[in-house]
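> Before anything else, here's the structure in question.
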Amino acid sequence: MAQFRAEVFQNEFLSDGTTDVHAIVSVRCTDAGVAGQTGVGDAAELVIVDTSGSMANPPDKITAVRAAAQVALEEIVDGTFFAVIAGTDTARVAYPLQPTEAPMVRMSAKTRKEAQAAVRRFQPNGGTAIGSWLQLATDVFAATPASQCHAILLTDGNNESEDPAAFEYGIETATGAFQCDCRGVGADWVVDELRRIATALLGTVDLIADPAEMEADFESMIKSAMSRGVARVDLRVWAPQGAEVLFVRQVAPTIDDLTPRRAPVSDLVGQYPTGSWGDESRDYHVAVRVPARTVGSAQLAARVQVVVADEVAAQGLVKAVWSDDEALTTRLDKAVAHYTGQAELAQVIQEGLAARSEGDEATATAKLGRAVKLATETHNDEATQKLAKLVHVDDAEKGTVRLKRDISKLDEMALDTASTKTTRVRT
Amino acid sequence: MIAPTTPVIEGACPQCATPVAADEQFCESCGAALTDSATASDPASRPGASAEPAQPAESAPGLGSTRTRLTIPAPSEPEPELAAVGVRHCASCAAVIDPDGYCTVCGAKAAAERDHFRETPSAWTGGVCDRGIRHYRNEDAMASVANSAPGSFAALVVCDGVSNSVDSDRASLNAARAARDVLSAAHATRPEESDAVAFWTEQIGLAADAAQAEARAVATDAETVNPPSCTFVTAVLDGATIVAGCVGDSRAYWLPDDGPAAQLTADDSWASEQIRAGMPRAVAEADSRAHAITRWLGIDSPDSKAACVATTATEPGWLLVCSDGLWNYCSEATELRALIHRLAQSHESPVAICAALVDFANAAGGSDNITSVLARVEGAPTPAR
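Following this line, the structure appears as structure tokens:
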């Protein structure tokens, strides 16, 4: 039986007249078990791969895709419902071979072998219409009696074969139906497109720069999906009457703004889906604006509850105490400060890269300089390394940088996809 | 409450410059916290905290002072349990308090049950016991019993823990309850023909003995410099007869609606003794030792015999038993009566009026724990049984 713990980090002391309360709620899950194996419903796993014509160029790409998909099938736990979708300018179920009978089948030695054989027959041709892939995936999951649905999606190009409305529609229909981790191989796909999918479908987005890395990446993606034994976890946030929840943002392991996903439970309570969980910890930054009270007052600013199957599995209390003691009220909580910096880091990287691609060098230099400063301050080594490939760093502490002239598209995409990854607070 | 020792003057209060002793946690004059540990849960955890900031006590010298030990060891036993309260309601907005201790609607922090509790033994009696604003813990306690027939029988008990010892909050609660139980049992067995004043004077003495036994029992270490101790006051109404008894400076008042209002009990305090010995009241009450008590319950008690007085309720009025957390801010019987009459215009039940009295004391500074217990006596009291 999975166990959840919630821990709150904040400075609860507010100066007179202050209304905004910030806290980091760190949620840890242990004993999650294996997806589909905890007795509360089946898991379903879908492998969606791009088999468009561009996969033939260079030819090692399609070879790597075939190999990686086979590894992915290897990692899917026996008994799990699964299927493989091949995506081009349309989508088709590549396995099971007779999808009209049952769109997904249970994994076994026999079905694994058949599916791997089907994957080996992939031939690249046609275009890329990711919205149609998502629609088919939604239909396939909908026809399967599983309570936990997850997909991995791989592409190598931009969404050229359908209009943006079809892409949006695909995301919309899939939202809430399944979770999806997205990977782009090579330099011809659009980070923003996959990020849109991953964000809506509670998944991750990453770049596979070299096709040779694909196998290992697929293996770890499926492994982590199969280790998520808790099918669905919601974060429930209570705020007092008259208060306003400013934002609820996942800040570790990646930045993910949950605010727009709020579903009201009651006048004072909103619920935010966080997808399935394995043995892991995730940190959330919760900000609430409460009516100011007199110095000496204490109140609860938020109850943050971890909800599994409508039961509260853990709870963290965010408090507010108004004080006239400056020694208390001016203290910055380490976790809040750290993650506020990490969120700004993600934002300035994305803004800096956008400015750069629009030719606005002054803005790009300022934003990426700020990013270098924040990455250094928050010990985000991955961001620091990736930034150094795009800018000459003159003074990391001040954030003084110059844009490099000849940079690789892949380095730029690597920085973009890594921008939302955060480091933990050092204690 | 102040312990009866003479403080060694070693410094001055940062808030009002009154000289303070080295072992004091709160200023004896203005109630300001003198050490970090004194402010640990104070006053920030007070729900609502609607009270105005504490006033420097120019107008009331020696108010609400309390001395506590410099270091507060963890209690040796769990907090005393209060009667099951069931669902608790928010003092700010009346919504339900969550088991996590905060209001489910407005988020206000609920007081710990020991920090604020109420009793309603009958429709015509009620009491409120509250931590106040300045103290980190409620060492006051109360326990009362009453028959449902208005004005028939009630025994109201208040004990005020001396706050320079660790377990005074347990001593006071256990003592108050023991005394109440003695008085309750006595009422059930009172011989028909017995003289009410003589009977209750004796029974109050036995109740004080029982309270003293409880206060002694809380002391785990006879050698400690400041063993747990508390005051004791009770007022028994039996038909038209009122008998009150006290040890220390918690008080009983008889406040008839029209006739002369009076403090029934005499304080066992340094100031009272000096006044009795001839010192002018203003001089005695301005002295830093004014509130030091000369008698108390506890293992180191010099004399725990309750001093009793009796009177007759010949007209409607209020019987009030309270701790110095209330009378600090309204000491004169006539002023107390005026205050209660004013509050009674907007509050119906005795418990609601007591809550308003607590609010009054908190608004005036809340520099000590506050307890107020009232019984409403109507004009023609029914026979006791």
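Those sequence lines, one after another, are chains R and D.
Residue 1 is where the first sequence starts when you use my numbering, and the numbers rise one by one after that.
Residue 1001 is where the second sequence starts when you use my numbering, and the numbers rise one by one after that.
C-beta: ideal position from N, C-alpha, C; glycine also.
1. Between the beta-carbon of D/I963 and the beta-carbon of D/G1325, is there less than 8 Å?
2. Examine chain R for any beta-carbon lying closer than 8 Å to the beta-carbon of D/D1100, and answer yes or no.
3. With DSSP run on the structure shown, which of helix, strand or coil describes R/F122?
4. Could you check which residue in R/A91, R/Q10, R/D16 has the C-alpha nearest to that of R/V49?
5. By a C-beta neighbour count over all protein chains shown, 10 Å radius and 16 as the cutoff for buried, is D/D1267 buried or exposed?
6. Check whether the Cβ of D/A1108 lies closer than 8 Å to any Cβ atom in chain R.
7. Determine, for D/V1087, whether the minimum Cβ-Cβ distance to residues of chain R falls below 8 Å.
8. Check each candidate in D/L1320, D/A1310, D/A1364 and name the one with the smallest Cα separation from D/W1124.
9. Confirm, please, whether the CB-CB distance from R/T199 to R/F122 is below 8 Å.
10. What three-state label does DSSP hand D/L1206 in the structure shown?
11. Between which two residues does the beta strand (DSSP E) carrying R/Y339 extend?
12. Could you compute how far the alpha carbon of D/G1278 sits from the alpha carbon of R/K319?
13. Examine the Cβ distances between the region 160-169 of chain R and the region 231-244 of chain R and report whether three or more of them are shorter than 8 Å.
14. What's the gap between the Cα of R/T144 and the Cα of R/L345?
15. How is R/M226 classed by DSSP in three states: helix, strand or coil?
16. Can you grab the Cα-Cα spacing for the pair R/K113 / R/S357, in whole Å?
17. Distance, Cα to Cα, R/M214 vs R/H22?
18. Quick check on DSSP: helix, strand or coil for R/K398?
19. Near R/M1, what residues of its chain come up, given a Cβ to Cβ distance below 7 Å and the 5 sequence neighbours on each side ignored?
20. Pairing CB atoms from the region 1190-1209 of chain D with CB atoms from the region 1307-1318 of chain D, are three or more of them under 8 Å?
21. For chain R, check one thing: does any of its Cβ atoms lie closer than 8 Å to the Cβ of D/V1105?
22. Taking all protein chains shown into account, decide if D/D1238 is buried (16 or more other Cβ within 10 angstroms of its Cβ) or exposed.
23. Find the residues of chain D that neighbour R/A301, judging by a C-beta separation of less than 8 Å, and give them in chain order.
24. Let's test the definition: count the other Cβ atoms within 10 Å of the Cβ of D/T1386 and tell me whether it reaches 16, buried, or not, exposed.
25. With DSSP run on the structure shown, which of helix, strand or coil describes R/T274?
26. Below 7 Å between beta carbons is the criterion; list the residues of the region 316-339 of chain R that meet it against any residue of chain D, in chain order.
27. Are the beta-carbon atoms belonging to R/A146 and R/F81 less than 8 Å from one another?
28. Using a Cβ cut-off of 7 Å, which residues of the region 240-267 of chain R contact any Cβ in chain D, in chain order?
29. Closest to R/L353 by CA distance: which of R/E45, R/T340, R/V190, R/R236 is it?
30. Of all the alpha helix (DSSP H) runs that stay within the bounds of the region 38-109 of chain R, which reach a length of 4 or more residues?
31. So what's R/F178 in DSSP terms, helix, strand or just coil?
32. Exposed or buried, D/R1177, counting other C-beta atoms within 10 Å across all chains shown (16 or more means buried)?
33. Please confirm whether D/C1159 and D/A1207 have their CB atoms less than 8 Å apart.
34. Considering only the beta carbon of each residue, do D/A1215 and D/S1229 sit closer than 8 Å?
35. What residues are listed by DSSP as bridge partners for R/I130?
On the basis of the data shown:
1. An answer regarding residue 963 of chain D cannot be provided, because it is not within the stretch 1001 to 1385 covered by chain D.
2. yes
3. coil
4. R/A91
5. Answer is buried; the Cβ neighbour count reaches 16.
6. For D/A1108, the nearest beta carbon of chain R is closer than 8 Å to its own beta carbon.
7. no
8. Cα-wise, what sits closest to D/W1124 is D/L1320.
9. no
10. helix
11. First-last for R/Y339: 334-357, but that is the alpha helix (DSSP H), not the beta strand (DSSP E).
12. 54 Å
13. no
14. 41 Å
15. R/M226: helix per DSSP, three-state reduction.
16. 46 Å
17. 40 Å
18. coil
19. D31
20. Look at the beta carbons and you see the region 1190-1209 of chain D touching the region 1307-1318 of chain D: at least three pairs across the two are nearer than 8 Å.
21. yes
22. Counting Cβ neighbours within 10 Å, D/D1238 comes out buried, since at least 16 surround it.
23. For R/A301, the C-beta contacts it makes with chain D under 8 Å involve G1107, in order along the chain.
24. Limits of chain D in this structure are 1001 at one end and 1385 at the other, which puts residue 1386 of chain D out of reach.
25. coil
26. Result list: L317, V321, S323.
27. yes
28. P240, Q241
29. R/V190
30. As far as the region 38-109 of chain R is concerned, its whole alpha helix (DSSP H) runs of at least 4 residues are 60-75.
31. coil
32. So D/R1177 counts as buried.
33. no
34. Yes, these two residues count as a Cβ contact at 8 Å.
35. R/I130 is not bridged to any residue.
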